[in-house]
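Sequential numbering of the sequence shown, starting at 0, is according to this note's numbering. Structure first, then comments.
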Amino acid sequence: MKQISTAILGATGYTGAELIRLIDAHPNLRIAHLAAHSQAGKLVAEVLPGVSGEVSAMQLASADTPLPSDVELVFTALPHGAAAESVKKALDTGCRVVDLSADFRHQDADTYRAAYGADHPYPELFEQAVFGLSEWARDAVCGTKLVANPGCYPTCTLLPLLPLLRAGALDTSVIIVDAKSGTSGAGRSPKTELLYCEANEGVRAYGLPRHRHAWEMEEWARAYAGQEVHVDFVPHILPMTRGMLATLHLRGDNPDGWHGLLSGAYADEPFVRVLPKGALPTTKGVCGSNRCDIGVVVTGPNSGVVISCIDNLLKGASGQALQNANIMLGLDEGLGLSTQAVWP
Ligand SMILES: NC(=O)c1ccc[n+]([C@@H]2O[C@H](COP(=O)([O-])OP(=O)(O)OC[C@H]3O[C@@H](n4cnc5c(N)ncnc54)[C@H](OP(=O)(O)O)[C@@H]3O)[C@@H](O)[C@H]2O)c1
0 MKQISTAILG
10 ATGYTGAELI
20 RLIDAHPNLR
30 IAHLAAHSQA
40 GKLVAEVLPG
50 VSGEVSAMQL
60 ASADTPLPSD
70 VELVFTALPH
80 GAAAESVKKA
90 LDTGCRVVDL
100 SADFRHQDAD
110 TYRAAYGADH
120 PYPELFEQAV
130 FGLSEWARDA
140 VCGTKLVANP
150 GCYPTCTLLP
160 LLPLLRAGAL
170 DTSVIIVDAK
180 SGTSGAGRSP
190 KTELLYCEAN
200 EGVRAYGLPR
210 HRHAWEMEEW
220 ARAYAGQEVH
230 VDFVPHILPM
240 TRGMLATLHL
250 RGDNPDGWHG
260 LLSGAYADEP
270 FVRVLPKGAL
280 PTTKGVCGSN
290 RCDIGVVVTG
300 PNSGVVISCI
310 DNLLKGASGQ
320 ALQNANIMLG
330 LDEGLGLSTQ
340 AVWP
């Protein structure tokens, strides 16, 4: 079986470490190159306690080290702003790239600037980047060399929202997304608000008045469902390691029909599960899997809540990134990914 040489840039972060775990077990991919930033020069085993075997003895290159000539696939798991340069270099050497950062998730430079407060260094690459919400973008992912992997909050929100929007089932003037994430969603670099004493036994909202992922949700709701929407999005951080839950407060003429619309849209999708009417998803129920679980509850004649859960490091990041790489390479989309959670 052909092994595709693969590089992970940003291998020492939480999503990078998750990519190592997934790719190490993938039948068609081989880890050929791992790069880091402040930890460059160290051995993987010195930095990532969860990694064992041959890959743990690899030395971490720096992010600007040229890629080995046999590398065909590159995952960039770098902070936004830092990823664009590495993506450009990898594309220039002929590699396929899955970028986990936000650097190529927008279709134009103005939206990128509005969301990230900076000019994009390579806006000419937007045209070839495909926003890889896998279940909605298979054909485009298949034909591109650059996948912009969606953010965790947009994935958790758009998967339940898009089928309802596309069916014209929602009042688009009121879409409230109340979302919660575990602390791994903020990455591994030290931050005061993530210290144990400050994050433990507490919950807080952040990113207000407008978190950068609101632009991403609105842009792709418009692109996929053809509907102009405004999303009132409030993220919260919870004292758990992984997991994400989004509660969508929605209005529409016939909320009793929402469950059928969602079940129909995802009937054949292994990584999206619409729970029986009234059943509620949990972060524990998807932890360790590449699944998004969705629950629907009608709360009034014209209102309801749709709740979705993902593992932020899997369907929200590295799992969906591998799903997209599989699609891009023409492999079975589910290779190396689990539909089963680690439970309890
Ligand atoms: N965490 C999530 O749940 C999640 C979900 C979806 C998308 N994402 C996105 O995925 C990307 C990676 O996230 P993460 O949570 O894995 O971050 P992280 O844990 O903070 O890791 C960042 C990685 O990038 C390297 N790095 C830091 N600053 C750099 C710079 N200036 N230039 C080059 N490399 C640099 C770090 O290397 P050293 O360790 O050597 O310093 C580390 O390997 C981010 O863009 C994030 O927004 C994350």
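Even glycine gets a Cβ: it sits at the ideal position worked out from N, Cα and C.
Asked: Here's the rule: buried if 16 or more other CB atoms are within 10 angstroms of the residue's CB, otherwise exposed. What is Arg95?; Found: buried
Asked: Could you tell me if Ser68 is buried or exposed, where buried requires 16 or more neighbouring beta carbons within 10 angstroms of its beta carbon?; Found: exposed
Asked: With respect to 7 angstroms, is the separation between the Cβ of Arg250 and the closest non-hydrogen atom of ligand 1 below this value?; Found: no
Asked: Examine ligand 1 and report whether any of its heavy atoms sits within less than 7 angstroms of the Cβ of Gln127.; Found: no
Asked: For a test of your reading of the model: does the CB of Ser302 fall under 7 angstroms from any non-hydrogen atom of ligand 1? Yes or no.; Found: no
Asked: State buried or exposed for Thr199, treating a residue as buried only when at least 16 other CB atoms are found within 10 Å of its CB.; Found: Before going further, note that residue 199 is Asn rather than Thr in the sequence given. It is exposed - the Cβ of Asn199 has fewer than 16 other Cβ atoms within 10 Å.
Asked: For Gln38 and Ser85, what's the separation of their Cα atoms in angstroms?; Found: 17 angstroms
Asked: For the beta strand (DSSP E) that Thr246 lies in, which residues bound it at each end?; Found: 243-250
Asked: For Gly251, I'd like the list of residues in its chain whose CB is within less than 6 angstroms of its CB, leaving aside the five on either flank, ordered along the chain.; Found: Ala168, Leu169, Asp170
Asked: Which residue marks the beginning of the alpha helix (DSSP H) containing His258, and which one marks its end?; Found: 257-264
Asked: Check Leu124 in the structure and name its three-state DSSP category.; Found: helix
Asked: Note down, one range per segment and in chain order, each alpha helix (DSSP H) of at least 4 residues found wholly within the region 98-157.; Found: 108-115, 133-141
Asked: Return yes when at least one heavy atom of ligand 1 lies under 7 angstroms from the C-beta of Leu286, else no.; Found: According to the sequence provided, residue 286 is Cys. The question's Leu does not apply to it. No, the beta carbon of Cys286 sits no closer than 7 angstroms to any heavy atom of ligand 1.
Asked: What span of residues does the beta strand (DSSP E) with Lys179 cover, start to end?; Found: 174-180
Asked: Rounded to whole angstroms, what is the Cα-Cα separation between Ala52 and Gly116?; Found: A quick correction: the sequence has Gly, not Ala, at residue 52. Distance between the alpha carbons of Gly52 and Gly116: 42 angstroms.
Asked: Do Ser55 and ligand 1 come close, with the Cβ less than 7 angstroms from some heavy atom?; Found: no
Asked: Distance check for Cys291 and Thr5, CA to CA, integer angstroms please.; Found: 26 angstroms
Asked: State buried or exposed for Val273, treating a residue as buried only when at least 16 other CB atoms are found within 10 Å of its CB.; Found: buried
Asked: Taking Gly346 as the reference, give the member of Val305, Thr282, His105 with the closest Cα.; Found: Only positions 0 to 343 of the chain appear in this structure, which leaves residue 346 out of reach.
Asked: Whose C-alpha, out of His25, Glu192, Ile19, Thr14, is nearest the C-alpha of Lys1?; Found: His25
Asked: For my contact list, Arg221 and Asn311 are in at a C-beta cut-off of 8 angstroms; report their separation, rounded to the angstrom.; Found: Going by Cβ atoms, the distance from Arg221 to Asn311 rounds to 24 angstroms, so no, they are not a contact pair.
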